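Residue numbers (full-length UniProt numbering): 1 to 165. Ideal placement from N, C-alpha and C gives every residue a C-beta, glycine not left out. Just so it is clear, the structure is predicted and the values come from calculations on it, not from any experiment. Report on the following structure.
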């Protein structure tokens, strides 16, 4: 199935005062840990229960390392790390800085490959993906049993537009 996208209009205006349109990925559903376990088990000699237990333990262990101020790299997937997102309440001296001025959040950086010419490709999770505009796609939506084209909703998931995309 292709990656479906739709168009959305930015709330921000460009230098000419126009609100431009950008592509945004549309999600057709969510895959649970149980479903992932079944699919991974099909590629291995493990049972879906064994895989689910491993994934559950992965979440626990990754959390422990992140909470110990370590980043966690999963080869071929990417790196997770904790960051402090400032809530705009700065202080005048370094001594007065406290954790209450921010909230912890997890950042994910996809796996990347460095080429000989110095460029970096962060494409491991999207290599081979085919993007299709949802209103031009001839695909059925997984899980709804009725087929059809995805749509509905505003598509606004809080992402900032990427003009380079």
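Proximity of residue i and residue j at Cβ, strictly below 8 Å
i           : j          : result
residue 45  : residue 23 : no
residue 109 : residue 79 : yes
residue 9   : residue 21 : yes
Close beta carbons around residue i, own chain, < 6 Å, minus the five adjacent residues each side
i           : result
residue 143 : With a pLDDT of 46 at residue 143, under the threshold of 50, the modelled position of that residue is not reliable, and the figure given next carries that caveat. Cβ within range, chain order: 29.
residue 66  : 82
residue 13  : 19
residue 43  : none
residue 120 : 112 and 114
residue 11  : none
residue 96  : none
residue 129 : 3
Own chain partners of residue i with C-beta closer than 7 Å, once the 5 adjacent residues on each side are dropped
i          : result
residue 74 : none
residue 89 : 101
Of the listed residues the options, nearest to residue i (C-alpha basis)
i           : options             : result
residue 26  : 93, 118 and 3       : 3
residue 83  : 104, 93, 128 and 66 : 104
residue 33  : 11, 57, 15 and 20   : 57
residue 70  : 94, 62 and 136      : 62
residue 86  : 94, 128, 99 and 93  : 99
residue 107 : 64, 94, 39 and 72   : 72
Cβ separation of residue i and residue j, assumed to be a contact under 8 Å, to the nearest whole Å
i           : j           : result
residue 77  : residue 111 : 6 Å
residue 68  : residue 55  : Going by Cβ atoms, the distance from residue 68 to residue 55 rounds to 21 Å, so no, they are not a contact pair.
residue 51  : residue 41  : 5 Å
residue 136 : residue 5   : Between residue 5 and residue 136 the Cβ distance is about 10 Å, and since that is not below 8 Å, they are no contact.
Close-in-space but distant-in-sequence residues of the same chain around residue i (CB under 8 Å, 5 per side omitted)
i          : result
residue 49 : 37
*What runs of the beta strand (DSSP E), each 3 residues or longer, lie entirely inside the region 56-132?*
Runs of the beta strand (DSSP E) inside the region 56-132: 72-74, 78-86 and 102-110.
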